[in-house]
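**Student:** Encoded as structure tokens, here's the structure I'll be asking about.
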Amino acid sequence: MARSRLLPDNFTLTLLAVVLAATLLPASGQIATIFEWITNLAIALLFFLHGAKLSREAILAGAGHWRLHLLVFSCTFILFPLLGLALRPALEPLLGKDLYMGMLYLCALPATVQSAIAFTSLARGNIPAAICSAAASSLLGIFLTPLLVAFLMGVHGDNGSILDAIGKISLQLLLPFILGQIAQRWIGGWVSKNKNWLKYVDQSSILLVVYTAFSAAVIGGLWQQVPLLTLLAVILACCVLLALALVITHLLGKWLGFNLEDRITILFCGSKKSLATGVPMAQVLFAGSSIGVLILPLMLFHQIQLMVCAVLAQRYARRPECDVIESKTAS
662 MARSRLLPDN FTLTLLAVVL AATLLPASGQ IATIFEWITN LAIALLFFLH
712 GAKLSREAIL AGAGHWRLHL LVFSCTFILF PLLGLALRPA LEPLLGKDLY
762 MGMLYLCALP ATVQSAIAFT SLARGNIPAA ICSAAASSLL GIFLTPLLVA
812 FLMGVHGDNG SILDAIGKIS LQLLLPFILG QIAQRWIGGW VSKNKNWLKY
862 VDQSSILLVV YTAFSAAVIG GLWQQVPLLT LLAVILACCV LLALALVITH
912 LLGKWLGFNL EDRITILFCG SKKSLATGVP MAQVLFAGSS IGVLILPLML
962 FHQIQLMVCA VLAQRYARRP ECDVIESKTA S
């Protein structure tokens, strides 16, 4: 029998296994240092491949839809932070300060790339616009997320410290991406043909970061800080945040007069947050501190958004073909 779309996928199950491994066998000392070096190389390779496989033609095809992109960016970098601040009176007493900071960090992150595009495609939305919007959100996040983290999480420091964080993130994430774009003319075809197994590079880099982060967190007493009831509270908080984001993006798309295809793109690109970008960024932004607690809400939100958006995408995909034709005609 096919696995229910409400059940975790293989990657999520592997992610849980890595957290369990870090809990039982955390890396420490020299081994932890080796893992950090390997992780940094894996992240650089991840963003190099992102640059190599992202088609410039597809980006240009969707770049002209500026109203849609402006709304998606506003939802990603303005709506989410405002929701995080508005929910503070309820979330901070419920979760505690550290996990609430993790929720704020989640709100500051860019949108996903692969899953936003995949769900838009499944739901028969505006795919070129989704590709452009998701890719631009990921790149903008390199510069906007450190600024939002400084504002939302009360990170006090001079402009030099913020610029230093942006510089480190650019060096680790943006530079490999640009090099990948440059190399696309030579390896782009090979990357596209081998995308089915190259996805394991994405997943492996995330798993490495999660293992390294949770190892340090476990040694620092993570699970003494996050008992079962608190974990359930974080899941509830993530569900509420996602529900608000989905409802608001849906209503904004309607109120601003976008057609159905565009509204689908806005829904899936404007309501999601990137685990693939968020975990490496946390390593840079919170260097020297335990990031296990900070990325826990992100890990939970990631799985919840995938399950909920899978159901929504299937629902949109089942609509009659005539609705799609009418939507294109209206645009």
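Read in the working numbering, the sequence shown has 929 at position 268, and its numbers run on one by one without any break. We put the beta carbon where it would ideally sit given N, CA and C, even for glycine. Please read all numbers here as calculations on a predicted model, not as lab measurements.
Run through DSSP, which three-state label would Met764 get?
**Tutor:** Helix.
**Student:** Flag this pair as touching only if the region 768-785 and the region 919-939 have three or more C-beta atom pairs under 8 Å; answer yes or no.
**Tutor:** Touching, per the Cβ criterion.
**Student:** Quick one: residues in its chain with C-beta nearer than 8 Å to the C-beta of Ala844, no 5 flanking neighbours on either side, listed in chain order?
**Tutor:** For Ala844, where only same-chain residues beyond five positions count, the Cβ hits under 8 Å are Phe709, Gly712 and Ala713.
**Student:** When you compare only the Cα positions, how much space is there between His726 and Ala688?
**Tutor:** Computed Cα separation, rounded: 47 Å.
**Student:** Hey, how far is the Cα of Cys736 from the Cα of Glu753?
**Tutor:** Taking the straight line from one Cα to the other gives about 23 Å.
**Student:** With DSSP as the reference, label His963 as helix, strand or coil.
**Tutor:** If DSSP states are grouped into helix, strand and coil, His963 belongs with the helices.
**Student:** When DSSP labels each residue in this structure, what does Ala769 get in the three-state scheme?
**Tutor:** Ala769: coil per DSSP, three-state reduction.
**Student:** With a threshold of 8 Å, are at least 3 pairs of Cβ atoms found where one atom belongs to the region 835-853 and the other to the region 971-982?
**Tutor:** The answer is no - the region 971-982 does not touch the region 835-853, with fewer than three Cβ pairs under 8 Å.
**Student:** Helix, strand or coil: which one does DSSP assign to Pro742?
**Tutor:** Note: Pro742 maps to helix in three-state DSSP.
**Student:** Along the chain, where does the alpha helix (DSSP H) that runs through Phe709 open and close?
**Tutor:** Residues Gly690 to Lys714.
**Student:** For Glu697 and Gln966, what's the separation of their Cα atoms in angstroms?
**Tutor:** Taking the straight line joining both Cα atoms gives about 28 Å.
**Student:** Examine chain C for any beta-carbon lying closer than 9 Å to the beta-carbon of Phe838, and answer yes or no.
**Tutor:** The chain inventory of the structure shown lacks chain C, comprising one protein chain alone.
**Student:** For the alpha helix (DSSP H) containing Ser735, name the first residue and the last one.
**Tutor:** Ser735 -> alpha helix (DSSP H) spans Trp727 to Ser735.
**Student:** For the alpha helix (DSSP H) that contains Lys915, what are its first and last residues?
**Tutor:** Here the alpha helix (DSSP H) through Lys915 covers Leu889 to Trp916.
**Student:** Can you look up Cys919 in the DSSP assignment and give me helix, strand or coil?
**Tutor:** Contrary to the premise, residue 919 reads as Phe rather than Cys in this sequence. Phe919 falls in the coil class under three-state DSSP.
**Student:** Decide yes or no for the touch test of the region 916-935 against the region 781-799: beta carbon pairs closer than 8 Å, at least 3 of them.
**Tutor:** With a cut-off of 8 Å, the region 781-799 and the region 916-935 count as touching, because enough Cβ pairs lie within range.
**Student:** Determine the direct distance from the alpha carbon of Phe875 to that of Pro958, and round the result to whole angstroms.
**Tutor:** Roughly 13 Å separates the two Cα atoms.
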